[in-house]
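The block underneath contains the structure these notes are about, expressed in structure tokens.
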Amino acid sequence: MAVKTTVNSGFELIKQLLEWAKIKMRQETLFCTIDVMDLYTMVPQTEGVLSLKKMLDHLKLKRINGLKIETIIRLSRFVMKNNYFSYDGQYYHQIRGGAMGSPVTLTIANCYMFFYEQQIIKQIHNSGGLYF
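31 is the number of the first residue of the sequence shown in the working numbering; add one for each residue after it.
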């Protein structure tokens, strides 16, 4: 789903910019980037899991590898709400975001940002802009 807004290499970025510039580049064109600092730990847990559910619903999936979508959502919620780690001999419960490097956190963060970006993409495309 995010293929239209994802660039996998610098070469691909240059190629897309050159194609876009042939038709739409103007002197007042602005370029900007978005960097979400500490994304994994900043994605709200509840909203993150809801965005995963929204993505799976959007894709019209009923099961993944034999697991029902409801089961995947429950397990994802459990993982996000039950992140514990130790630091300097003390144990902590992570109450915001998810664990760095966790495949579940990666997937949830990607879904969350996908739906967040849709609002931005709509505005940019309506003004003749390019977003990726």
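Positions of the beta carbon are idealized from the N, C-alpha and C atoms, including for glycine.
Values in this document were obtained by computation on a predicted structure and should not be read as measured data.
Neighbourhood of residue i by C-beta distance below 8 Å, restricted to the same chain and skipping five residues each side
| i | result |
| --- | --- |
| ASP68 | GLY127 |
| VAL91 | One detail in the question is off: residue 91 reads as Leu in this sequence, not Val. Closer than 8 Å at Cβ, skipping near neighbours: ILE99. |
| VAL66 | MET72 and MET143 |
Whole-angstrom distance between residue j and residue i, CA atom to CA atom
| i | j | result |
| --- | --- | --- |
| ILE150 | SER116 | 38 Å |
| GLN46 | TYR161 | 10 Å |
| LEU60 | LEU105 | 43 Å |
| ILE125 | LEU89 | 29 Å |
| THR76 | CYS62 | 29 Å |
| TYR121 | PRO133 | 22 Å |
| LYS84 | PHE41 | 33 Å |
| TYR114 | PHE108 | 12 Å |
| GLY96 | ARG56 | 51 Å |
| HIS123 | LYS52 | 52 Å |
Minimum C-alpha distance to residue i - residue among the options
| i | options | result |
| --- | --- | --- |
| LEU86 | PHE144, LYS54 and TYR70 | PHE144 |
| CYS141 | SER39, ASN95, ILE103 and ASN113 | ILE103 |
| LEU82 | THR137, ASN112, LYS152 and LYS111 | THR137 |
| GLY78 | VAL66, HIS155, MET110 and VAL37 | MET110 |
| LEU80 | ILE154, GLN153 and TYR146 | TYR146 |
Residue i in three-state terms, based on DSSP
| i | result |
| --- | --- |
| MET72 | helix |
| PHE41 | helix |
| ILE64 | coil |
| GLU58 | coil |
Sequence-distant residues of its chain with Cβ nearer than 6 Å to residue i (five each side left out)
| i | result |
| --- | --- |
| TYR70 | GLY127, GLY128, MET130, THR135 and ALA139 |
| LYS54 | GLY158 |
(request) Taking only runs that begin and end inside the region 76-154, name each unbroken alpha helix (DSSP H) of 4 or more residues, in chain order. (result) 99-111
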